[in-house]
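Trainee: Numbering (this note's numbering), first residue to last: 8 to 181. Just so you know, even glycine gets a beta-carbon here, dropped at the ideal spot from N, CA and C.
(1) Can you list, in chain order, the residues of its chain whose CB lies under 7 Å from that of residue 170, leaving out five sequence neighbours each side?
(2) Counting along the chain, where does the alpha helix (DSSP H) carrying residue 17 start and finish?
(3) Would you tell me roughly how many angstroms separate the C-alpha atoms of residue 105 and residue 133, rounded to the nearest one?
(4) Which residue from 108, 89, 125, 84 puts its Cα closest to that of residue 135?
(5) So does the segment 20-37 actually touch the segment 110-120, counting three or more Cβ pairs closer than 8 Å?
(6) Which word fits residue 41, buried or exposed, when buried means at least 16 other C-beta atoms lie within 10 angstroms of its C-beta?
(7) Leaving out the 5 sequence neighbours to the left and right, which residues in its chain are closer than 8 Å to residue 141 when beta-carbon positions are compared?
(8) List, from N- to C-terminal side, the beta strand (DSSP E) runs of 3 residues or more that fit wholly inside the segment 61-143.
(9) Can you tell me whether residue 102 is buried or exposed, with buried defined as 16 or more other CB within 10 angstroms of its CB?
(10) Candidates 130, 154, 69, 111: which alpha carbon is nearest residue 87's?
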């Protein structure tokens, strides 16, 4: 049975959560390189997901009836997530420069900031999965939108498919 646009986007949410967790586990284990790899993959996937939703999904359905929240709410949340992600990227770079006690304290602050980001992202994903995806993904043009999603996401998934086994092997042996 072919996958629906709604399922493809929900799978993307699950994949994002997995990459975020990989990043955080590598941080906790002190493997900076793998933590950075996991973060960069997460960022690339999230940026692609948000750009697809803004440029294709939301643009195709601006003003569509049946949504609990207008599409502008989703766009504003996307902007907030991208801003928070950029701030976390900066904090992660700062964290890598610390050593000893400063590094441990910086890790606590970084994880706290990441927890806040994750909280905002979880609420956003919940809103999308309960309101946006069921309404828009089943509408006219959903097959075309699904193809657009797959075309934009496929190169990233190929890259992720090469990276993930190495990171998972490291984490399973830690």
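Mentor: Quick look at the numbers:
(1) 44, 48
(2) 12-35
(3) 36 Å
(4) 84
(5) yes
(6) buried
(7) 13
(8) none
(9) buried
(10) 130
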